[in-house]
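Numbering (my numbering), first residue to last: 30 to 405.
Put into C-alpha cells, the structure is as follows:
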C-alpha cells in the first residue's frame with residue numbers, strides 16, 4: 030500500500046513537479062523542495078510533443094499547460110538567405126505545442142497541489158542517503174520512503190551519493206528569450222509554423238508561443254564569443270541572417286547564454302533515492318525533449334512504485350524499463366546538433382537527407398511517438 034508512504038522531492042522544475050503530481054495521485058504523501066523563493070523556470074519557451082501531452086493529460090495538467098499557446102504543424106529549416114533547406118510536418122507523429130515554460134511549470138504545480146502534494150519554496154536540499162534521509166541547507170533533515178533528486182544538472186544530491194556520473198559540456202549553447210509580436214504578426218494569427226534558420230555554426234529559431242509572443246533561440250558554438258554575447262550583437266547576427274535583421278533588432282537587452290550539457294549516470298538510483306531530469310539525463314535541446322523525457326520518467330517512476338513492497342527493486346525495474354528510450358533521445362539530441370560544426374556544403378547535404386529519408390525521420394520522432402509508461 031502506498032497511502033502511508035512519503036516522498037521528498039528536491040527540485041521544483043518540470044521533472045520534480047511531474048513526479049510530485051504522479052506520486053500524489055497514487056496516494057503518496059509528497060513534499061517538493063524548491064530552493065528559489067518562487068517556482069520559476071528559465072529558457073522562455075518549450076516544445077511539448079505527443080509523448081509529453083499524454084503525460085500532462087494523465088496528470089490533469091494539459092489544459093492549463095497549453096491554454097492560449099501555439100500548436101505547431103510545420104517545421105522549416107532555412108539558410109542565411111532565407112532559402113528552404115527542409116520541411117517537416119508533424120501530423121504523423123502527433124501533437125506538438127510550443128508553450129511558455131513558466132506556464133508549464135505552473136500547470137504542473139497546480140496538478141501536484143490538487144492531488145495533495147505540498148510545495149515548499151526557499152527550501153534547498155543538499156544531500157540524501159540511501160536509507161531515505163534528506164538533509165537541507167538549514168541543517169534540518171527528514172526521513173522518507175523515497176527521495177527524488179530532480180535538482181538539475183549540478184545536482185548536489187546525486188554527487189553526494191557517489192553514483193558514477195559522466196558529465197560533459199557540449200560544443201554549443203544558446204541565448205533564449207521572449208519578444209512581443211508586432212501588430213502585423215498578431216493579425217496573421219497562429220500559422221503553426223516554426224522556422225529554424227541555419228548559417229554555418231549559428232542558428233536562429235523563431236517559434237510562436239502565444240497570440241502575443243514569440244520564442245527566440247539563438248544557437249552558436251561556445252567558442253563564438255561575439256555570438257554568445259548578451260545583449261545580442263545585432264550587427265554580427267544580422268550579417269549571418271540579413272533577412273532577419275528587423276527581428277534581431279527587436280531582441281533588446283534580455284536573454285542569457287547557457288551552454289548545452291550532457292549527463293549519463295551509472296545508475297539512476299541508490300537505495301531509496303531516485304535521480305531524474307537533468308540530474309540524470311541532461312541533453313542538448315535539438316529534439317526539444319528534455320522536459321518531455323523528465324515528465325515521462327516521473328510518471329513512470331510513480332507507476333513502477335505502485336504497490337511495490339521493495340522500493341530499491343522497483344527503482345531498478347523503473348530504470349530498466351525507461352532507460353532505453355531516454356538514452357535514444359539523448360543520442361539523437363546530440364546527433365541532430367552536430368551539423369552546427371560542419372562545413373556549409375556538408376550541412377546542406379545533411380538537410381537534404383533529413384527532408385527525404387524516412388529512416389532519419391523515424392529516428393528523430395521516435396520519442397514523440399513513444400507511449401509513456403502510466404498513460405492509457
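Note that the Cβ used here is the ideal one computed from N, Cα and C, for glycine as well.
Span of the alpha helix (DSSP H) around residue i
i, result
"residue 359", "340-364"
"residue 266", "263-269"
"residue 387", "387-398"
"residue 147", "Where residue 147 is concerned, there is no enclosing alpha helix (DSSP H), although the beta strand (DSSP E) it sits in stretches over 147-150."
"residue 405", "Note, residue 405: premise wrong, no alpha helix (DSSP H); not H, not E."
"residue 309", "307-310"
"residue 331", "319-334"
Start and end residues, beta strand (DSSP E) containing residue i
i, result
"residue 115", "113-118"
"residue 62", "58-63"
"residue 77", "74-78"
"residue 176", "175-178"
"residue 129", "125-129"
"residue 54", "Premise fails: residue 54 lies in the alpha helix (DSSP H), 43-54, not in any beta strand (DSSP E)."
"residue 94", "Note, residue 94: premise wrong, no beta strand (DSSP E); alpha helix (DSSP H) at 91-95."
"residue 35", "35-39"
"residue 157", "154-157"
Neighbourhood of residue i by C-beta, 6 Å cutoff - its chain only, sequence neighbours within 5 removed
i, result
"residue 30", "Because the pLDDT of residue 30 is 35, which lies under 50, any placement of that residue in the model is unreliable, and the question is left without a value."
"residue 54", "144"
"residue 34", "57, 174"
"residue 269", "109, 228, 231"
"residue 307", "181, 182"
"residue 132", "none"
"residue 44", "179, 305, 306, 323, 327"
"residue 134", "68, 70"
"residue 283", "206"
"residue 318", "358, 396"
"residue 81", "321, 324"
The ligand ZN heavy atom lying under 7 Å from the CB of residue i
i, result
"residue 71", "With respect to the ligand ZN, the structure offers nothing, as it holds no ligand at all."
Cut-off 7 Å between Cβ atoms - residues of its own chain near residue i, not counting five sequence neighbours on either side
i, result
"residue 65", "150"
"residue 256", "231, 249, 265"
"residue 262", "255"
"residue 201", "248, 249, 250, 251, 289, 366, 369"
"residue 274", "267"
"residue 210", "241, 242, 243"
"residue 387", "none"
"residue 383", "115, 389"
"residue 347", "329, 330, 333"
"residue 162", "170, 172"
"residue 280", "206, 208, 245, 261"
"residue 394", "122"
Same chain only: Cβ atoms within 8 Å of residue i, ignoring 5 sequence neighbours per side
i, result
"residue 125", "76, 77, 78, 79, 100, 101, 102, 119, 397"
"residue 271", "109, 110"
"residue 185", "154, 155, 156"
"residue 98", "126, 127, 128, 129, 132, 238, 239"
Residue i - partner residues in DSSP beta bridges
i, result
"residue 198", "290"
"residue 226", "107, 233"
"residue 172", "162"
"residue 24", "The requested residue 24 is not part of the displayed model; the chain covers only 30 to 405."
"residue 247", "204, 233"
"residue 304", "178"
"residue 298", "303"
"residue 66", "Answer is none; residue 66 lacks a bridge partner."
"residue 285", "205"
"residue 242", "209"
Rounded Cβ spacing between residue i and residue j (contact assumed at less than 8 Å)
i, j, result
"residue 127", "residue 244", "6 Å"
"residue 402", "residue 358", "Incorrect: roughly 15 Å between the Cβ atoms, too far for contact."
"residue 84", "residue 334", "Incorrect: roughly 16 Å between the Cβ atoms, too far for contact."
"residue 278", "residue 171", "So it is not a contact: roughly 51 Å between Cβ atoms."
"residue 309", "residue 330", "In fact, because the Cβ distance is near 11 Å, the residues do not count as touching under 8 Å."
"residue 147", "residue 165", "Rounded, the Cβ-Cβ distance is 14 Å, inconsistent with contact."
"residue 39", "residue 140", "Not quite, the Cβ-Cβ distance comes to about 19 Å (not below 8 Å), so this is no contact."
"residue 193", "residue 176", "Rounded, the Cβ-Cβ distance is 19 Å, inconsistent with contact."
"residue 187", "residue 304", "5 Å"
"residue 47", "residue 137", "6 Å"
Per-residue DSSP class, three states only, for residue i
i, result
"residue 237", "strand"
"residue 252", "coil"
"residue 30", "The pLDDT assigned to residue 30 is 35, lower than 50, so where the model puts this residue is not dependable; a value taken from the coordinates is nonetheless given after this. Note: residue 30 maps to coil in three-state DSSP."
"residue 209", "strand"
"residue 192", "coil"
"residue 184", "coil"
"residue 83", "helix"
"residue 100", "strand"
"residue 143", "helix"
"residue 414", "Absent from the structure is residue 414, since the part of the chain shown begins at 30 and ends at 405."
"residue 367", "helix"
"residue 279", "coil"
"residue 378", "helix"
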